[in-house]
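Below: the structure, in structure tokens.
Number of protein chains: 2
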Amino acid sequence: MPMVKKTLKQRIVDASVVLFQEDGYHNVTVDRIVEYIGASKGGFYHNFKSKDELLYEIHDVFISYVIKQSQEAYDKYDTPITRLCAMLQTLTQVFDMYQAHITVFYEESRSLPEEYSEIIHKKRDQYRDILQKVIEDGQQTKDFRTELPCTIVTMAIVGMINWTYKWFKQSGPLTMEEITEVFTDMVLRAIVTEQAMEEAVQFMVKG
Amino acid sequence: MPMVKKTLKQRIVDASVVLFQEDGYHNVTVDRIVEYIGASKGGFYHNFKSKDELLYEIHDVFISYVIKQSQEAYDKYDTPITRLCAMLQTLTQVFDMYQAHITVFYEESRSLPEEYSEIIHKKRDQYRDILQKVIEDGQQTKDFRTELPCTIVTMAIVGMINWTYKWFKQSGPLTMEEITEVFTDMVLRAIVTEQAMEEAVQFMVKG
DNA sequence: CAATACAAACCGACTAGTCGGTATTAACTT
DNA sequence: AAGTTAATACCGACTAGTCGGTTTGTATTG
Numbered sequence: 066m067p068m069v070k071k072t073l074k075q076r077i078v079d080a081s082v083v084l085f086q087e088d089g090y091h092n093v094t095v096d097r098i099v100e101y102i103g104a105s106k107g108g109f110y111h112n113f114k115s116k117d118e119l120l121y122e123i124h125d126v127f128i129s130y131v132i133k134q135s136q137e138a139y140d141k142y143d144t145p146i147t148r149l150c151a152m153l154q155t156l157t158q159v160f161d162m163y164q165a166h167i168t169v170f171y172e173e174s175r176s177l178p179e180e181y182s183e184i185i186h187k188k189r190d191q192y193r194d195i196l197q198k199v200i201e202d203g204q205q206t207k208d209f210r211t212e213l214p215c216t217i218v219t220m221a222i223v224g225m226i227n228w229t230y231k232w233f234k235q236s237g238p239l240t241m242e243e244i245t246e247v248f249t250d251m252v253l254r255a256i257v258t259e260q261a262m263e264e265a266v267q268f269m270v271k272g
Numbered sequence: 066m067p068m069v070k071k072t073l074k075q076r077i078v079d080a081s082v083v084l085f086q087e088d089g090y091h092n093v094t095v096d097r098i099v100e101y102i103g104a105s106k107g108g109f110y111h112n113f114k115s116k117d118e119l120l121y122e123i124h125d126v127f128i129s130y131v132i133k134q135s136q137e138a139y140d141k142y143d144t145p146i147t148r149l150c151a152m153l154q155t156l157t158q159v160f161d162m163y164q165a166h167i168t169v170f171y172e173e174s175r176s177l178p179e180e181y182s183e184i185i186h187k188k189r190d191q192y193r194d195i196l197q198k199v200i201e202d203g204q205q206t207k208d209f210r211t212e213l214p215c216t217i218v219t220m221a222i223v224g225m226i227n228w229t230y231k232w233f234k235q236s237g238p239l240t241m242e243e244i245t246e247v248f249t250d251m252v253l254r255a256i257v258t259e260q261a262m263e264e265a266v267q268f269m270v271k272g
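Protein chains in written order, with this note's numbering: chain X, 66 to 272; chain Z, 66 to 272.
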């Protein structure tokens with residue numbers, strides 16, 4: 066493993082994610098960030114145009130990764146049920162790894178100036194659209210119940226997953242694997258039609 | 066209807082909820098609040114010890130109301146399924162009415178100094194406990210599937226509901242009634258046992 | 001007169017961003 | 001390989017502006 070020297074820019078990002086998560090964007094000064102990593106203000110503004118640009122960078126790294134992972138999960142499978150399960154799996158995994166990022170993403174997005182927030186909002190919608198497409202497809206193929214509006218179903222799932230960043234603690238009694246399993250079970254039972262239930266049961270918790 | 070003259074204090078709270086929701090606590094100055102309602106800084110600090118105290122007041126009004134409504138929904142019914150439905154109904158209603166409050170509640174809770182946030186966190190847990198008790202009871206009575214850990218189920222439901230504040234728009238194409246109906250259906254299907262399904266079907270969307 | 005309810009000017013602490021300068025590395029020449 | 005130049009990366013004292021909160025003043029009410 067080649068021990069690559071981390072750039073100052075990367076060290077700033079890494080430190081900021083942690084600090085922003087803990088205390089919030091507005092309560093973390095640039096001075097504190099650079100002091101935290103033993104750098105200087107000059108170094109900071111050499112790498113970033115502004116504090117806002119740093120916040121944007123954190124947002125973009127995270128949401129771009131989520132989109133990439135979601136799309137990969139989509140492409141890897143070819144039925145609505147398997148795709149949905151893969152996406153749930155992927156998403157909760159990401160949320161497990163990037164909890165600091167996602168906290169910043171959802172708590173501090175309002176602090177982004179418009180020039181940045183426009184881009185981020187577009188990408189956020191893009192992520193949701195991938196999930197919604199899976200639901201729509203599933204309704205078309207009668208794998209998923211058509212009597213539920215797919216937009217609401219999508220947002221219900223998104224909410225369920227996203228909210229984990231508020232309460233999940235890696236040091237807590239529950240592992241993300243357990244949570245994923247339960248979420249998957251609940252979602253499948255909620256939306257899979259009786260006729261497609263056979264394919265779905267393999268992804269459910271045994272009872 | 067007696068036209069009661071609104072106190073300055075109430076006007077400050079009302080204006081602040083809106084402003085905080087729109088721009089975030091840190092981006093709204095005390096000067097802007099008082100200017101917005103045509104008052105003065107002296108008036109503000111006559112009614113509030115600090116800007117933080119105002120934020121606390123907004124938090125407390127909201128969460129206390131949620132607890133009260135949840136408890137009432139609990140007391141009004143006597144089976145897990147009816148209680149759960151009533152609570153879902155109540156909660157989404159509250160979220161419909163108090164969207165500005167809830168936005169402030171979830172986006173700005175980190176801005177509360179510890180003296181206040183302790184109280185708020187306790188109340189927030191209290192609200193969750195009421196819901197969790199319903200789930201637990203239901204598992205005891207075999208109305209709800211016991212193979213799903215009730216803590217995860219509870220947080221899944223909480224997440225689904227809470228997330229609505231992020232995307233629901235009163236001016237949008239979906240009404241909160243529709244959303245509630247779909248949420249209720251999904252939750253019931255996800256957790257109600259086969260043997261109790263008979264009681265639950267009346268609350269589901271017809272398919 | 002005394003207490004309340006507000007107004008308006010003011011203060012001090014804090015912070016994003018600047019700017020002149022220095023160290024470090026890369027590129028080129030001889 | 002050594003010397004020279006240029007560009008990049010980084011430093012830290014400083015500033016201009018902002019904002020929560022205070023103080024002093026004034027009108028009203030009981």
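Don't be surprised by glycine CBs; every beta carbon is placed ideally from N, CA and C.
Nearest-angstrom Cα separation, counted from residue j out to residue i
i, j, result
"V126(Z)", "F268(X)", "43 Å"
"S135(Z)", "K231(Z)", "21 Å"
"F160(Z)", "C215(X)", "21 Å"
"V83(X)", "E201(Z)", "36 Å"
"Y163(X)", "R189(X)", "16 Å"
"E246(X)", "T258(X)", "19 Å"
"H186(Z)", "K74(Z)", "24 Å"
"Y171(X)", "A80(X)", "18 Å"
"V266(Z)", "M251(Z)", "11 Å"
"E264(Z)", "V270(Z)", "14 Å"
"S236(Z)", "I244(Z)", "14 Å"
"Q191(X)", "A151(X)", "17 Å"
"E183(Z)", "V95(Z)", "24 Å"
"G107(Z)", "T72(Z)", "15 Å"
"T249(X)", "I226(Z)", "17 Å"
"E103(Z)", "F109(X)", "What sits at residue 103(Z) in the sequence shown is Gly, not Glu. If I take the Cα positions, the gap works out to 41 Å."
"P238(Z)", "F85(Z)", "25 Å"
"D140(X)", "P178(Z)", "47 Å"
"H276(X)", "I222(X)", "For residue 276(X) there is no data in the structure shown, the boundaries of chain X being 66 and 272."
Environment of residue i [buried if 16+ CB atoms lie within 10 Å]
i, result
"I217(X)", "buried"
"E87(X)", "exposed"
"G224(X)", "buried"
"M68(X)", "With a pLDDT of 47 at M68(X), under the threshold of 50, the modelled position of that residue is not reliable, and no figure is offered here."
"A261(X)", "buried"
"H111(X)", "exposed"
"Q204(X)", "buried"
"T206(Z)", "exposed"
"D143(Z)", "exposed"
"S105(Z)", "exposed"
"T240(X)", "exposed"
"D208(Z)", "buried"
"G272(X)", "exposed"
Residue of the options minimising C-alpha distance to residue i
i, options, result
"Q158(X)", "K74(X), T229(X), V257(X) and L73(X)", "T229(X)"
"I58(Z)", "E122(Z), P214(Z) and A138(Z)", "Outside the modelled stretch of chain Z, which goes from 66 to 272, sits residue 58(Z), for which no answer is possible."
"R210(Z)", "I244(Z), P145(Z), M225(Z) and E242(Z)", "P145(Z)"
"L278(Z)", "D190(Z), V199(Z) and P178(Z)", "An answer regarding residue 278(Z) cannot be provided, because it is not within the stretch 66 to 272 covered by chain Z."
"L120(X)", "Y101(X), V131(X), A265(X) and V93(X)", "V93(X)"
"T168(X)", "Q260(X), Y90(X) and M241(X)", "Y90(X)"
"K133(Z)", "V95(Z), L156(Z) and S105(Z)", "L156(Z)"
"L153(Z)", "E242(Z), E259(Z) and E264(Z)", "E242(Z)"
"E100(X)", "I77(X), E122(X) and C150(X)", "I77(X)"
"K114(X)", "Y181(X), L149(X) and I128(X)", "Y181(X)"
"K116(X)", "Y130(X), I128(X) and R97(X)", "R97(X)"
"A255(X)", "S176(X), E212(X) and I123(X)", "E212(X)"
"H166(Z)", "I128(Z), I222(Z) and M220(Z)", "I128(Z)"
"K234(Z)", "I226(X), F233(X), I244(X) and M220(X)", "M220(X)"
"S176(Z)", "E264(Z), L239(Z) and E122(Z)", "E122(Z)"
"E173(Z)", "E118(Z), T147(Z) and T240(Z)", "E118(Z)"
"R283(Z)", "P238(Z), F109(Z) and Q197(Z)", "An answer regarding residue 283(Z) cannot be provided, because it is not within the stretch 66 to 272 covered by chain Z."
"R193(X)", "H124(X), I102(X), F109(X) and V131(X)", "V131(X)"
Within chain X, partners of residue i - CB distance below 9 Å
i, result
"S176(Z)", "G89, H91 and N92"
Under 8 Å by beta carbon: chain X residues contacting residue i
i, result
"V159(Z)", "Result: empty, since nearest Cβ-Cβ is about 16 Å, beyond 8 Å."
"E172(Z)", "E172 and R175"
Where residue i meets chain Z, residues with beta-carbon distance less than 7 Å
i, result
"R254(X)", "R254 and A255"
8 Å Cβ cut-off: residues of chain Z touching residue i
i, result
"V270(X)", "E212 and L213"
>> Against chain X, which members of the stretch 235–251 of chain Z pass a CB distance test of less than 8 Å?
In response: L239, E243, I244, V247, F248, D250 and M251
>> If the cut-off is 9 Å on Cβ atoms, which residues from the stretch 201–228 of chain X count as contacting chain Z, listed in chain order?
In response: R210, T211, E212, L213, P214, T216, I217, V218, M220, A221, I222, V223, G224, M225, I226, N227 and W228
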